[in-house]
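> One structure, as structure tokens, below. Some questions next.
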Amino acid sequence: MFNSTIEKLKAFKRGYSVNRKHKMIGWFFVIPGALLIFSFYFYPIIRAFLLSMQGGVGNNLRFAGAANYQRLFADTLFKKSLFNVFVYLILQVPIMLTLALILAGILNDKTLKFRSFFRTAIFVPCATSLVSYAIIFRSMFALDGFVNTVLMNLNLMAEPINWLGGPWTARLLIVIGLTWRWTGYNMIFYLAGLQNIDPAIYEAAKIDGASAFDRLTKITIPMLKPIILLTTIMSTNGTLQIFDETKNLTNGGPANSTLSVSQYIYRLSFEYVPRFGYAAAVAFVVFIIVAILSFFQMKVGDER
Numbered sequence: 227m228f229n230s231t232i233e234k235l236k237a238f239k240r241g242y243s244v245n246r247k248h249k250m251i252g253w254f255f256v257i258p259g260a261l262l263i264f265s266f267y268f269y270p271i272i273r274a275f276l277l278s279m280q281g282g283v284g285n286n287l288r289f290a291g292a293a294n295y296q297r298l299f300a301d302t303l304f305k306k307s308l309f310n311v312f313v314y315l316i317l318q319v320p321i322m323l324t325l326a327l328i329l330a331g332i333l334n335d336k337t338l339k340f341r342s343f344f345r346t347a348i349f350v351p352c353a354t355s356l357v358s359y360a361i362i363f364r365s366m367f368a369l370d371g372f373v374n375t376v377l378m379n380l381n382l383m384a385e386p387i388n389w390l391g392g393p394w395t396a397r398l399l400i401v402i403g404l405t406w407r408w409t410g411y412n413m414i415f416y417l418a419g420l421q422n423i424d425p426a427i428y429e430a431a432k433i434d435g436a437s438a439f440d441r442l443t444k445i446t447i448p449m450l451k452p453i454i455l456l457t458t459i460m461s462t463n464g465t466l467q468i469f470d471e472t473k474n475l476t477n478g479g480p481a482n483s484t485l486s487v488s489q490y491i492y493r494l495s496f497e498y499v500p501r502f503g504y505a506a507a508v509a510f511v512v513f514i515i516v517a518i519l520s521f522f523q524m525k526v527g528d529e530r
């Protein structure tokens, strides 16, 4: 019985070519990962879309069609939260990525002393506890905080700025916090890309009389284009879905002037009267916006 089973398995193996066996082995490794991606990524997206088509309060949900999406056009708070995240996107992402690229170029210099220390110091903020840094930032930017004290001692202003009390100063505080936290994270990507560029290319450019600006625009940026595209897409997606900074630094204030879309979804689900269907509709709209922006960035940035 056992021997006959082994003979059948051997005959089964002989019936497959080498290429077909390789494909079967490949599928053996791909299928578990594909199932996990579908279970934890695509299935929740489908469930969120179905939930967005339902109305009602709490668990008393009923089919409502496109009513939740129609409500979005009249929801001033949703429009305000969407405006806020686009302000963060336009102001923060270009500044952060430019700083990250400049810092990566400086720290890639082999003649620079204490390079490891500076790399670690700049990267540490993204690993810092969000609550801790939010408390420190709120203290630094208080009316009698460190920032106002320094600005007044330098005679740059006559009276302290109410950073947390003004709409645009509070938004600026969010931008500063995001830039401080994530610049080092993106710098690591650029630093890794710079280390893969052959130094002989820069040496040849110097011999030909290329300036530092020419080397940056003609060599560094073109060769880092795939990494710049990657960091731009990740930063765009992260900024549009920002929650932690607005929740911990300003709690959406003053008067919802720093409220993000993700925080608004949280409020709809857990702070206001629970309207899970409408919250899912808001979330699905954010998903569509992120997908569209990522598509355009890929089209603009990838010549293939």
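For our numbering, add 226 to where a residue sits in the sequence shown, where the first one is 1.
A virtual CB, placed ideally from N, CA and C, is assigned to each residue, including glycine.
Just so you know, these numbers come straight off a predicted model, no measurement behind them.
1) Can you give the Cα-Cα distance for proline 452 and leucine 466, rounded to whole angstroms?
2) What residue range is occupied by the uninterrupted alpha helix (DSSP H) comprising lysine 432?
3) Residues in the same chain with beta-carbon distance under 7 Å from leucine 327, minus the five sequence neighbours each way, listed in chain order, please.
4) Between which two residues does the alpha helix (DSSP H) harbouring valine 317 extend?
5) Quick check on the DSSP output: the alpha helix (DSSP H) that includes glutamine 489 runs from which residue to which?
6) If you run the structure through DSSP and keep just helix, strand and coil, what is arginine 501?
7) Rounded to the nearest angstrom, what separates glycine 286 and leucine 485 at their Cα positions?
8) Between the segment 421-431 and the segment 386-397, do three or more beta carbon pairs fall short of 8 Å?
9) Check whether the segment 401-410 touches the segment 348-356, counting contact only when three or more Cβ pairs, one atom from each stretch, lie closer than 8 Å.
10) For isoleucine 362, count neighbouring C-beta atoms within 10 Å of its own C-beta (all shown protein chains included) and say buried if the count is 16 or more, exposed if not.
11) Leaving aside the five residues before and after glycine 464 along the sequence, list all residues of the same chain whose C-beta is less than 8 Å from its C-beta, in chain order.
12) Measuring alpha carbon to alpha carbon, tell me which residue in Val313, Ala438, Tyr269 and Ser358 is nearest serine 483.
13) Less than 9 Å separating the beta-carbons of leucine 298 and valine 511?
14) Does DSSP put glycine 291 in a helix, in a strand, or in coil?
15) For alanine 396 versus proline 480, is the C-beta distance shorter than 9 Å?
16) Would DSSP call glutamine 280 helix, strand or coil?
17) May I ask you to report which of helix, strand or coil DSSP gives serine 365?
18) Using three-state DSSP, classify asparagine 379 as helix, strand or coil.
19) What's the call for asparagine 477, buried or exposed, on a 16-neighbour Cβ count within 10 Å?
20) Determine the direct distance from the alpha carbon of phenylalanine 289 to that of leucine 329, and round the result to whole angstroms.
21) Since serine 495 and phenylalanine 469 should fall inside the 8 Å C-beta cutoff, what is the C-beta to C-beta distance between them, to a whole number of angstroms?
22) Using CA atoms only, rank isn't needed, just tell me which of Ile445, Tyr428, Ile321 and Ala430 is closest to valine 401.
23) May I have the straight-line CA-CA distance separating serine 278 from isoleucine 515, to the nearest angstrom?
24) Which two residues bound the contiguous alpha helix (DSSP H) that contains serine 461?
25) According to DSSP, is aspartate 440 part of a helix, a strand, or is it coil?
26) Comparing C-alpha positions only, which one of Arg441, Tyr428 and Ala506 sits nearest to glycine 282?
27) How would you write the range of the alpha helix (DSSP H) that asparagine 482 sits in, first residue to last?
28) Does DSSP classify proline 448 as helix, strand or coil?
29) Below 8 Å on the Cβ atoms is my guess for asparagine 474 versus valine 357; work out the distance and round it to an integer in Å.
30) Identify which residue in Phe340, Ser520, Gln296 and Ala430 has its Cα closest to the Cα of isoleucine 459.
31) State buried or exposed for glycine 403, treating a residue as buried only when at least 16 other CB atoms are found within 10 Å of its CB.
A quick look at the data gives this:
1) Straight-line Cα distance between these residues: approximately 21 Å.
2) 425-433
3) Tyr416
4) It should be noted that the sequence gives leucine, not valine, for residue 317. 302-333 is the span of the alpha helix (DSSP H), which, as asked, contains leucine 317.
5) 487-492
6) coil
7) The displayed chain sequence assigns asparagine, not glycine, to residue 286. Each residue's alpha carbon lies about 28 Å from the other.
8) no
9) yes
10) With fewer than 16 Cβ atoms within 10 Å of its Cβ, isoleucine 362 is classed as exposed.
11) Trp408.
12) Closest option to serine 483, Cα to Cα, is Val313.
13) yes
14) Judged by DSSP in its simplified three-state form, glycine 291 adopts coil rather than helix or strand.
15) When the beta-carbon positions are compared, alanine 396 and proline 480 come within less than 9 Å of each other.
16) strand
17) helix
18) helix
19) Classification for asparagine 477: exposed.
20) If you draw a straight line from the Cα of leucine 329 to the Cα of phenylalanine 289, it is about 53 Å long.
21) At roughly 12 Å, the Cβ-Cβ gap does not stay under 8 Å, so serine 495 and phenylalanine 469 are not in contact.
22) Of the listed residues, the one whose Cα sits closest to valine 401 is Ile321.
23) 16 Å
24) 451-466
25) helix
26) Ala506
27) That residue, asparagine 482, is in no alpha helix (DSSP H); it is neither H nor E in DSSP.
28) helix
29) Between asparagine 474 and valine 357 a beta carbon distance of about 6 Å is seen, short of the 8 Å cut, so the two are scored as contacting.
30) Of the listed residues, the one whose Cα sits closest to isoleucine 459 is Ser520.
31) buried
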